[in-house]
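Here the structure comes first, spelled out in structure tokens, and everything after it is commentary.
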Amino acid sequence: MKKLITLILLFCSVASLHAQEPVFLQKAYEFLIKRDDVDTTRIYQPSKACLSLGLFTTGQKAGFDVDVDFMIDFSDNERIAGLSQYSLSENLCKKIGLEVGYGNVGLGYSLEVGPRSAWKKSAFGLGIMGKSWGAKFNYSKISNPFISSMTIGQEDDESYFHDEIITEEAAILKNFTADGYYVFNNMRFAYPAAYKIGLIQRHTAGSWMLTARYMQGSLYNSPEASWDTYNMLDCFSTMQASIGGGYSVNFVPWHKDPTGPRDEGLRNLTINLTAMPVITLVNYLKTTSYEYDLDDESGDFHKTGEKVWKIWCYPMPNYIGSAAISLTMWRFFFSTQFTYNRFYFRSRDAFDASQMDIPDYVDDLGFRGTFHDWMLKGTLVYRF
Numbered sequence: 002m003k004k005l006i007t008l009i010l011l012f013c014s015v016a017s018l019h020a021q022e023p024v025f026l027q028k029a030y031e032f033l034i035k036r037d038d039v040d041t042t043r044i045y046q047p048s049k050a051c052l053s054l055g056l057f058t059t060g061q062k063a064g065f066d067v068d069v070d071f072m073i074d075f076s077d078n079e080r081i082a083g084l085s086q087y088s089l090s091e092n093l094c095k096k097i098g099l100e101v102g103y104g105n106v107g108l109g110y111s112l113e114v115g116p117r118s119a120w121k122k123s124a125f126g127l128g129i130m131g132k133s134w135g136a137k138f139n140y141s142k143i144s145n146p147f148i149s150s151m152t153i154g155q156e157d158d159e160s161y162f163h164d165e166i167i168t169e170e171a172a173i174l175k176n177f178t179a180d181g182y183y184v185f186n187n188m189r190f191a192y193p194a195a196y197k198i199g200l201i202q203r204h205t206a207g208s209w210m211l212t213a214r215y216m217q218g219s220l221y222n223s224p225e226a227s228w229d230t231y232n233m234l235d236c237f238s239t240m241q242a243s244i245g246g247g248y249s250v251n252f253v254p255w256h257k258d259p260t261g262p263r264d265e266g267l268r269n270l271t272i273n274l275t276a277m278p279v280i281t282l283v284n285y286l287k288t289t290s291y292e293y294d295l296d297d298e299s300g301d302f303h304k305t306g307e308k309v310w311k312i313w314c315y316p317m318p319n320y321i322g323s324a325a326i327s328l329t330m331w332r333f334f335f336s337t338q339f340t341y342n343r344f345y346f347r348s349r350d351a352f353d354a355s356q357m358d359i360p361d362y363v364d365d366l367g368f369r370g371t372f373h374d375w376m377l378k379g380t381l382v383y384r385f
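With my numbering applied, the sequence shown closes on residue 385, and no number is skipped along the way.
Below, the structure is given as structure tokens:
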């Protein structure tokens, strides 16, 4: 009887999909070719959706930095501050790629050129940028040596100590972000004008915007590498949800309406500046510390387990910003874009020092970290 019911439900689902197929295809086609409803005295757009082909090059850099601060109590009641720092980042990553667009949708693919930015690197991005709203999804994975350092006291102190180690093994940094925005003054202000072909700002205009971001990031350090460094924490992962808003403006120093059916003429220079501070309301952190055992015969240390702490960190102010300049000439569109992201997290409860292999005279441990990335992109697009 259960199998019969399952088959009936499956048949009904397939039949429903077939019935909806023409409607779905029509909706998808309308989304591709639909002209935006805009104030034509402020915004120009082609009379119909067109195929576009672009060549782009990018330079970008991403990384993750963590600081663990603590206090050391000496027998003579002296307290000295200490700091353990960890970081993983890539060298400047340079890419070239192609992107194809039609109407409101674009798809691109790029390859890294020149010296490799990391031992291993992979990245994927998907975005839709409309005049009213937009969404962007990015995933990156970097595998590179892990840098660890320990500093105790000040340089002028007798007890001052500083050491830095770069691991021979690679650590892994993963990061996924999902961004969305909404433009209030979308009739007179074309936010995508400096970033993609299809909408051109005729006169200077700006708008308040809302934005939201979800981010999930992690750093994994191998047990072998962690023992050779000063790691109090060996693995970190964070999940953040942020909401905020800001202002974006398109400055148009010079504009000339196109002429002829091929949109002849050098006709538009647009500069966009966008600043959107956000508050990270959901700030979840998971930290891991490895446990080791000494082999008396070989003298080697072996991982025997791990201790995990999961906490909610303090809400934090963070920042999303971008700038771009574009020039339109005939059916060519040139754009230079810069984006910058910096997201913080911190807590004084990231782990319980009493449960770790840390001497009793070390206490008051605090934790703070930063995910950061920036990108500079140049694009040349031709609209058919």
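Virtual Cβ for every residue (Gly too), placed ideally from N, Cα, C.
Under 8 Å between C-beta atoms of residue i and residue j
| i | j | result |
| --- | --- | --- |
| G109 | K197 | no |
| Y320 | R343 | yes |
| S90 | G115 | no |
| Y291 | D235 | yes |
| I312 | I280 | no |
| I201 | N269 | yes |
| Y248 | A276 | yes |
| K95 | L112 | no |
| Q392 | G218 | The structure shown does not extend to residue 392, since the chain is modelled only from 2 through 385, so no value can be given for it. |
| A167 | I153 | It should be noted that the sequence gives Ile, not Ala, for residue 167. No, the pair does not count as a contact, with Cβ atoms beyond the cut-off. |
| V69 | F368 | yes |
| N251 | A206 | yes |
| G256 | R203 | In the sequence as displayed, the identity of residue 256 is His instead of Gly. Against a cut-off of 8 Å, the Cβ pair of R203 and H256 comes out as a contact. |
| Y383 | S53 | yes |
| F57 | G98 | yes |
| T271 | A195 | yes |
| L282 | P316 | yes |
| D365 | M151 | no |
| F210 | G246 | Correcting the residue type first, residue 210 is Met in the shown sequence and not Phe. Yes, the pair counts as a contact, with Cβ atoms nearer than the cut-off. |
| L381 | M330 | no |
| D66 | T305 | no |
| L93 | K132 | no |
| F177 | S208 | no |
| G60 | E100 | no |
DSSP state of residue i mapped onto helix, strand, coil
| i | result |
| --- | --- |
| P193 | helix |
| S290 | strand |
| E169 | strand |
| P47 | coil |
| P259 | coil |
| S223 | coil |
| T380 | strand |
| I9 | Confidence in I9 is poor, its pLDDT being 44 and thus under 50, which makes the residue's placement unreliable; the coordinate value appears in the next sentence. Reduced to three states, the DSSP call for I9 is helix. |
| D38 | coil |
| N187 | coil |
| F147 | strand |
| G128 | strand |
| I201 | strand |
| G55 | strand |
| K3 | Reliability of the predicted coordinates at K3 is poor, the pLDDT of 47 falling under 50, and the value obtained from them is presented with this limitation in mind. K3 falls in the helix class under three-state DSSP. |
| V15 | Low confidence applies to V15: its pLDDT is 44, below 50, so where it sits in the model is not reliable, and the reading given next is rough at best. If DSSP states are grouped into helix, strand and coil, V15 belongs with the helices. |
| P254 | strand |
Sheet register partners of residue i (DSSP bridge)
| i | result |
| --- | --- |
| S249 | S208, T275 |
| G181 | A136, A213 |
| T281 | S243, M317 |
| S238 | S219, K287 |
| R369 | D68, R347 |
| S160 | Partner(s): none; S160 has no beta bridge. |
| F339 | A324, L377 |
Open item on the list: Give the list of continuous alpha helix (DSSP H) stretches no shorter than 4 residues that lie fully inside the segment 58-124.
Closed with: Restricted to the segment 58-124, not a single alpha helix (DSSP H) segment is unbroken, complete and at least 4 residues in length.
Open item on the list: Any contact between the segment 305-325 and the segment 334-350? By contact I mean 3 or more CB pairs, one from each, below 8 Å.
Closed with: With the cut-off at 8 Å, the segment 305-325 and the segment 334-350 touch.
Open item on the list: Could you check whether the segment 234-251 touches the segment 148-168, counting it as contact only if at least three pairs of C-beta atoms, one from each stretch, sit closer than 8 Å?
Closed with: With the cut-off at 8 Å, the segment 234-251 and the segment 148-168 do not touch.
Task: Contact between the segment 133-140 and the segment 114-121 (3+ Cβ pairs under 8 Å) - done: Here the segment 133-140 does not lie against the segment 114-121, with fewer than 3 beta-carbon pairs under 8 Å apart.
Task: Complete runs of the beta strand (DSSP E) confined to the segment 303-335 [at least 3 residues] - done: Look at the segment 303-335 and you find these whole runs of beta strand (DSSP E), each 3 residues long or longer: 317-330.
Open item on the list: Using 8 Å as the cut-off, can you tell me whether the segment 168-183 makes contact with the segment 209-228, which would need three or more C-beta pairs spanning the two stretches below that distance?
Closed with: Flag = yes, the segment 168-183 and the segment 209-228 touch.
Open item on the list: Counting beta carbon pairs with one atom in the segment 76-86 and one in the segment 175-185, are three or more of them shorter than 8 Å?
Closed with: Touching, no, given that fewer than three Cβ pairs across the two stretches are closer than 8 Å.
TODO: State whether the segment 184-195 contacts the segment 366-377, with contact taken as three or more CB pairs (one from each stretch) at a distance under 8 Å.
DONE: The segment 184-195 is not in contact with the segment 366-377.
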